[in-house]
Amino acid sequence: MFHKKDESTKEIIEIIDDFNSKIKKSLSNTTYQDRDDLEQEIKLKIIEKLYTVEFNDPPSFWKLTNL
0 MFHKKDESTK EIIEIIDDFN SKIKKSLSNT TYQDRDDLEQ EIKLKIIEKL
50 YTVEFNDPPS FWKLTNL
């Protein structure tokens, strides 16, 4: 049986994996010496935002048309 923290960690890992190719591509524009540090910083910022941003369900089509 998984704990809530285990599930949250797995979701974060999945999100980081989803962004990994974009991160690597962006890091190709930096110097070789800075890439590892920048990669860690980017991943850390993603994790911080995942914990601080409140995610809400998007409005339905009908709610949008009634605005």
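In case it helps, numbering that gives the first Met the number 0 puts the sequence shown at residues 0 to 66. For each residue, glycine too, the CB sits at the ideal point set by N, CA and C.
Residues near residue i in its chain [Cβ-Cβ closer than 6 Å; skip 5 each side]
i     : result
Phe1  : Here the model assigns Phe1 a pLDDT of 42, short of 50, so the residue's position is not dependable, and the following value carries that caveat. Nothing meets the Cβ criterion.
Ile15 : Lys42
Proximal residues to residue i (C-beta, below 8 Å), its chain only, five neighbours per side dropped
i     : result
Ile78 : Here the chain covers residues 0 to 66 and nothing more, so residue 78 does not appear.
Start-to-end residues for the alpha helix (DSSP H) that takes in residue i
i     : result
Gln39 : Arg34 to Thr51
Phe54 : Careful: Phe54 lies outside any alpha helix (DSSP H) and carries neither H nor E.
- Query: Is the segment 48-59 touching the segment 24-36, taking contact as three or more C-beta pairs under 8 Å?
  - Reply: no
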